[in-house]
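Trainee:
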Amino acid sequence: MSFKLLAIRPLEGCNEDFLKNLEVNRIYKFYSDYKFYNNDIELSENKKLNVTHIKYESTTTFPKNLYDDFIDISAIVGKNGSGKSALVQLLCGGIYNLSIMKKFIKVKDIKKEKIDRLKVQIFYSFKNRTINKKLLEDFYVLEINGDVISLNEDSNGKFNYKKNDYNYLSKLIPFLFYNIVNNYSIYGLNATEVGSWINKIFIKNDGYRTPIVLNPYREDGNIDVNLETFFAKNRLLSNLLNLNFDRLGLKKNSSINPKKFNDLFNKDKVVSNSNYLENKKVVKLELSLNFEKFKDKQGNVNLKYLEYAKKYLHHVFNILYISNEEKRDYTKNDLIRLLSNSTIVEQYVLNYIFYKLEKISPFINDNLNEKNFLSYLKNLNDNFSDSHVLFKVYQAINFLKYDIYKDFKNDNNFEINVNDHSEESISNKISILMEYEREKFRDKYSGNHIIIYPSLLVTNIAFLPPPIFNIDIVFSENQGKLSDLSSGEKQIIYSIQGILYHLINISSKNSFRSNVENSYQFINIILDEVELYFHPDMQRKFVFSLINAIKGTYLQGIQGINVLFITHSPFILSDIPKQNVLFLEVDEISKKAKPNLYEGYNTFGANIHEMLTNGFFLGSTKGEFAISKINEFLSYYKKVSNLKIGTSEYNDDKKIFEDEKKDYYEKLISIIGEDYIRKILENHLEQLYNHFEIINEISKEDLFERKKALIVEIEEIDKKLTKNEKDKL
Numbered sequence: 002m003s004f005k006l007l008a009i010r011p012l013e014g015c016n017e018d019f020l021k022n023l024e025v026n027r028i029y030k031f032y033s034d035y036k037f038y039n040n041d042i043e044l045s046e047n048k049k050l051n052v053t054h055i056k057y058e059s060t061t062t063f064p065k066n067l068y069d070d071f072i073d074i075s076a077i078v079g080k081n082g083s084g085k086s087a088l089v090q091l092l093c094g095g096i097y098n099l100s101i102m103k104k105f106i107k108v109k110d111i112k113k114e115k116i117d118r119l120k121v122q123i124f125y126s127f128k129n130r131t132i133n134k135k136l137l138e139d140f141y142v143l144e145i146n147g148d149v150i151s152l153n154e155d156s157n158g159k160f161n162y163k164k165n166d167y168n169y170l171s172k173l174i175p176f177l178f179y180n181i182v183n184n185y186s187i188y189g190l191n192a193t194e195v196g197s198w199i200n201k202i203f204i205k206n207d208g209y210r211t212p213i214v215l216n217p218y219r220e221d222g223n224i225d226v227n228l229e230t231f232f233a234k235n236r237l238l239s240n241l242l243n244l245n246f247d248r249l250g251l252k253k254n255s256s257i258n259p260k261k262f263n264d265l266f267n268k269d270k271v272v273s274n275s276n277y278l279e280n281k282k283v284v285k286l287e288l289s290l291n292f293e294k295f296k297d298k299q300g301n302v303n304l305k306y307l308e309y310a311k312k313y314l315h316h317v318f319n320i321l322y323i324s325n326e327e328k329r330d331y332t333k334n335d336l337i338r339l340l341s342n343s344t345i346v347e348q349y350v351l352n353y354i355f356y357k358l359e360k361i362s363p364f365i366n367d368n369l370n371e372k373n374f375l376s377y378l379k380n381l382n383d384n385f386s387d388s389h390v391l392f393k394v395y396q397a398i399n400f401l402k403y404d405i406y407k408d409f410k411n412d413n414n415f416e417i418n419v420n421d422h423s424e425e426s427i428s429n430k431i432s433i434l435m436e437y438e439r440e441k442f443r444d445k446y447s448g449n450h451i452i453i454y455p456s457l458l459v460t461n462i463a464f465l466p467p468p469i470f471n472i473d474i475v476f477s478e479n480q481g482k483l484s485d486l487s488s489g490e491k492q493i494i495y496s497i498q499g500i501l502y503h504l505i506n507i508s509s510k511n512s513f514r515s516n517v518e519n520s521y522q523f524i525n526i527i528l529d530e531v532e533l534y535f536h537p538d539m540q541r542k543f544v545f546s547l548i549n550a551i552k553g554t555y556l557q558g559i560q561g562i563n564v565l566f567i568t569h570s571p572f573i574l575s576d577i578p579k580q581n582v583l584f585l586e587v588d589e590i591s592k593k594a595k596p597n598l599y600e601g602y603n604t605f606g607a608n609i610h611e612m613l614t615n616g617f618f619l620g621s622t623k624g625e626f627a628i629s630k631i632n633e634f635l636s637y638y639k640k641v642s643n644l645k646i647g648t649s650e651y652n653d654d655k656k657i658f659e660d661e662k663k664d665y666y667e668k669l670i671s672i673i674g675e676d677y678i679r680k681i682l683e684n685h686l687e688q689l690y691n692h693f694e695i696i697n698e699i700s701k702e703d704l705f706e707r708k709k710a711l712i713v714e715i716e717e718i719d720k721k722l723t724k725n726e727k728d729k730l
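Convert by adding 1 to the 1-based position in the sequence shown; the result is the number in this note's numbering.
#1: Tell me the rounded alpha-carbon separation between H316 and E347.
#2: Give me the Cα-Cα distance between L689 and L91, rounded to the nearest whole angstrom.
#3: For my contact list, S86 and F31 are in at a C-beta cut-off of 8 Å; report their separation, rounded to the angstrom.
#4: Quick one: grab the DSSP three-state call for G754.
#5: Would you call the stretch 674-689 in contact with the stretch 628-635, where contact means no fewer than 3 C-beta pairs closer than 8 Å?
#6: Would you check if there are 3 or more beta carbon pairs closer than 8 Å linking the stretch 491-504 to the stretch 233-240?
#7: Going straight from the alpha carbon of D41 to that of D34, what length do you get?
#8: S1: buried (16+ other C-beta within 10 angstroms of its C-beta) or exposed?
#9: State the CB to CB distance for the pair I469 and Y353, rounded to an integer number of angstroms; the pair is presumed to be in contact (CB under 8 Å).
#10: Could you please give the first and the last residue of the uninterrupted beta strand (DSSP E) stretch that includes Q396?
#11: CB-CB under 8 Å to G489, same chain, minus the five flanking residues each way: which ones, in chain order?
#12: Along the chain, where does the alpha helix (DSSP H) that runs through N384 open and close?
#13: Any idea if F1 is buried or exposed, counting beta-carbon neighbours within 10 angstroms, 16 or more meaning buried?
#14: Taking DSSP as the reference, what is the three-state secondary structure of F364?
#15: How far does the alpha helix (DSSP H) with A550 in it reach, from first residue to last?
#16: Could you say if the stretch 559-577 and the stretch 41-60 meet the contact criterion of at least three C-beta pairs nearer than 8 Å?
#17: Compare the Cα-Cα distances from P175 to each of Y188, N183 and T211 and report the closest residue.
#18: Would S3 and G674 qualify as a contact pair, given that the criterion is a beta-carbon distance under 7 Å?
#19: Who does D660 pair with in a DSSP beta bridge?
#20: Excluding five sequence neighbours on each side, which residues of the same chain lie with their C-beta closer than 7 Å to the C-beta of F203?
#21: Which residue comes first and which comes last in the beta strand (DSSP E) that contains S289?
#22: Pull up the DSSP beta-bridge partners for I417, would you.
#23: Which residues in the same chain have their Cβ closer than 6 Å to the Cβ of N411, if we skip the five residues on either side of it in sequence?
#24: Going by DSSP, which residues form a beta bridge with R10?
#25: Could you give the C-beta distance for I96 and I213, rounded to a whole number, given that I count them as a contact under 8 Å?
#26: If you run the structure through DSSP and keep just helix, strand and coil, what is I573?
#27: Note the first and the last residue of the continuous alpha helix (DSSP H) segment covering E138.
#28: How big is the Cα-Cα spacing for T554 and E46?
#29: Measuring only the C-alpha atoms, how far is V25 from L12?
#30: Give the DSSP bridge partners of N471, in chain order.
#31: Tell me the DSSP secondary structure of T723 in three-state form.
#32: On the DSSP letters alone, give me the boundaries of the alpha helix (DSSP H) that E687 sits inside.
#33: If you follow the beta strand (DSSP E) that A627 is part of, which residue opens it and which one closes it?
The following block contains the structure:
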């Protein structure tokens, strides 16, 4: 099984804001071994012809399943401004328009909300069916052309273009793919420049209906670092505490009763996701109550919101819930124990709920009463139930509402063993509770009804410990804690775990054992300059780490993953063969982005310096400032070496050389790292000494150092000569 995003093609009349410097009708291929044809004509240039069929025509010994049976990796490289991000933006815009028109994203006015004149074809392939034990590759083209959408398959060897055939399109919806797009560039994906449409496909709470999500979340182009840290930590915790419920071996539509858990539980069938973070095994989570969170300016703990909890907590429980099936009519009497005899931990959680509500949208004023507060909660629920805004509130509510953490409600500090799969483990309690809520939700439907699950029943994030705790992750074998790691080490963990988080949730949705709306079996991961903040050694290991992390994660129902890197890193490119790389450059005449051939043998396992020149189109692998200083010396050498001895100009330059230039150029040449260039420049400098009749005085210490170096070199030569003589015998 596999999936490949093969190419993107901007069409004639495409919106200039998206076209930018891309060529109209040019097929920008990410896998060069695939050829695109109009009948017998190969479409290698920007010809205005429909693609009738695609062929895989490998001319190399490129190994199958290089990365894994269901993982394929490609890349786009090129200088800034060569069209890399334009292609990604065109893909995102196309998926957005599809989502608007198919009502995956709900808007009041489709004509006003959709991107005008966005015209693009997206080509991809699946290998997910066999005939006579042979795995076949099926090709698809998704066309978004203004008001026209078509999704066509290469049936009987040719595409049959069906414009606006919505019945046909709906039938092929299962053959769409989900897109996870990561771009940590400060200036990337800015809604004030790209357009407000992009806000609708950032991190969202829609249960993975819309086939795209952008990370990190931005508001008006700005990344809130604290919010992103919250998301990153919660995704990581979600992954560590996730157990795929199919470990229980339950059959489709089987009934689940949490009280009969022992009858269902089978330790041999437990499938947990990998608890390794960059070769560090996670053993436990350490949680401690964050007393600092509620200290006033004098340093005293102030739980001033408890008075509101005593009055209005039952309303919060009744209105802010994650599923209609969870709802019940709480009264003050139902919560009497919690409100009158709460533990320190529970008091903090109660205080936090109302502190957070006030922070989201202030409700405390002189006119506050029960009626006003109910109206406030309903308005909050209407506006934010499908966003990240209430995540922290849900976590606090669920901490109190359910018995998941009952053993820890009396402790200010406690630990969670992430490798514990027993009946009473936190991960199992969360899994059982979520599946129980899902089943109650399913009971409302029968037959072939499409089920749209509440988003917070797709992910376990609402059942994680609330933010009143400081949480740290402890590694095994004295490897320290997550808090001990550098920002770069955390970044690579958060990046990979963020990808796994979405994969796990999409996989979880595939395993709900019902006719779920928009379950995606094929995933496209786009990593735009993921190497930002990474040390070169981390860049070198990133592809390896990502592949191992995906392979080590239980992903039911996901049949193919395509990873597309947009990168400036030769270390990442070294893990990808040139057949899977689109090399972009800007044509000097047309100023349009066009593919270029890689002049080296291959990028896979290649020399970094060669790739910098051939793959990234660098004129040099040395810093421009260093080159300018070398050229400055060479220009000076050329100028003064031709001066005639005895002339006034010669005498003037000789004095300048002795007083200023000699010492400066000696020191400059001494710090040049490449031996070959340094020795050439040293020879040039020696010639200037002779030209100006200057004795280059060498200190006694320098002479001794040179003598010692020569002795060592002679000894090494003697050893090699002796060895050669012995080998002959």
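C-beta atoms are modelled at their ideal positions from N, C-alpha and C, and glycine is treated no differently.
Mentor: This is what the structure gives:
#1: In the sequence shown, residue 316 corresponds to position 315, counting from 1. In the sequence shown, residue 347 corresponds to position 346, counting from 1. If I take the Cα positions, the gap works out to 18 Å.
#2: The residue given as residue 689 occupies position 688 in the sequence shown. The residue given as residue 91 occupies position 90 in the sequence shown. A direct Cα-Cα distance of roughly 58 Å separates L689 from L91.
#3: Position 85 of the sequence shown holds residue 86. Position 30 of the sequence shown holds residue 31. In this structure, S86 and F31 do not form a Cβ contact; the two beta carbons are roughly 15 Å apart against a cut-off of 8 Å.
#4: Outside the shown range of the chain, which is 2 to 730, sits residue 754, and nothing can be said about it.
#5: Judged by Cβ distances under 8 Å, the stretch 674-689 makes contact with the stretch 628-635, as three or more pairs qualify.
#6: The answer is yes - the stretch 233-240 touches the stretch 491-504, with three or more Cβ pairs under 8 Å.
#7: Translated into positions along the sequence shown, residue 41 becomes position 40. Translated into positions along the sequence shown, residue 34 becomes position 33. If you draw a straight line from the Cα of D41 to the Cα of D34, it comes to about 17 Å.
#8: With the chain represented from 2 up to 730, any question about residue 1 goes unanswered, as that position is not in the structure.
#9: Position 468 of the sequence shown holds residue 469. Position 352 of the sequence shown holds residue 353. Contact holds; Cβ gap of about 5 Å.
#10: If you number the sequence shown from 1, residue 396 lands on position 395. Q396 -> not in any beta strand (DSSP E); alpha helix (DSSP H) instead, spanning F392 to K402.
#11: Taking the sequence shown and counting its residues from 1, the one referred to as residue 489 is at position 488. Closer than 8 Å at Cβ, skipping near neighbours: Y534, F535, H536 and M539.
#12: Position 383 of the sequence shown, counting from 1, holds the residue named residue 384. That run of the alpha helix (DSSP H) goes E371 to F385.
#13: The chain is shown from 2 up to 730; residue 1 falls before or after that span and cannot be answered.
#14: Residue 364 sits at position 363 when you count from the first residue of the sequence shown. Looking at F364 - three-state DSSP - the assignment turns out to be coil, as it is neither helix nor strand.
#15: Taking the first residue of the sequence shown as 1, we reach residue 550 at position 549. Residues P537 to K552.
#16: No: fewer than three Cβ pairs fall under 8 Å.
#17: Looking up residue 175 in the sequence shown gives position 174. It is T211 whose Cα lies nearest to the Cα of P175.
#18: Taking the first residue of the sequence shown as position 1, residue 3 is located at position 2. Taking the first residue of the sequence shown as position 1, residue 674 is located at position 673. In this structure, S3 lies away from G674, with their beta-carbon atoms at least 7 Å apart.
#19: Numbered from its first residue, the sequence shown carries residue 660 at position 659. Looking at the DSSP output, D660 sits in no beta bridge, so it has no partner there.
#20: Here residue 203 is taken as the residue at index 202 of the sequence shown, counted from 1. Excluding residues within five positions, the ones whose Cβ falls inside 7 Å are L215, Y218 and R219.
#21: Within the sequence shown, residue 289 is the residue found at index 288, counting from 1. K281 to L290 is the span of the beta strand (DSSP E), which, as asked, contains S289.
#22: Numbered from 1 along the sequence shown, position 416 holds the residue referred to as residue 417. I417 pairs with L286.
#23: Numbered from its first residue, the sequence shown carries residue 411 at position 410. Closer than 6 Å at Cβ, skipping near neighbours: T344.
#24: By 1-based counting over the sequence shown, the position of residue 10 is 9. DSSP, once it has assigned bridges, lists Q122 as partnering R10.
#25: For this step, residue 96 is matched to residue 95 along the sequence shown. For this step, residue 213 is matched to residue 212 along the sequence shown. Yes, they are in contact, since the Cβ atoms of I96 and I213 sit about 5 Å apart, within 8 Å.
#26: Taking the first residue of the sequence shown as 1, we reach residue 573 at position 572. Helix at I573.
#27: Along the sequence shown, one-based indexing puts residue 138 at 137. Not the alpha helix (DSSP H): E138 falls in the beta strand (DSSP E), residues K135 to N146.
#28: In the sequence shown, counting from the first residue as 1, residue 554 sits at position 553. In the sequence shown, counting from the first residue as 1, residue 46 sits at position 45. Rounded to whole angstroms, T554 to E46 spans 41 Å at the Cα level.
#29: Translated into positions along the sequence shown, residue 25 becomes position 24. Translated into positions along the sequence shown, residue 12 becomes position 11. Here the alpha carbon of V25 sits roughly 5 Å from the alpha carbon of L12.
#30: Position 470 of the sequence shown holds residue 471. S289.
#31: The count along the sequence shown starts at 1 and reaches residue 723 at position 722. Assigned with DSSP and collapsed to three states, T723 falls in helix.
#32: Translated into the one-based positions of the sequence shown, residue 687 becomes position 686. D676 to H692 is the extent of the alpha helix (DSSP H) around E687.
#33: The residue labelled residue 627 in the question sits at position 626 within the sequence shown. Element bounds for A627: not the beta strand (DSSP E) but the alpha helix (DSSP H), E625 to S642.
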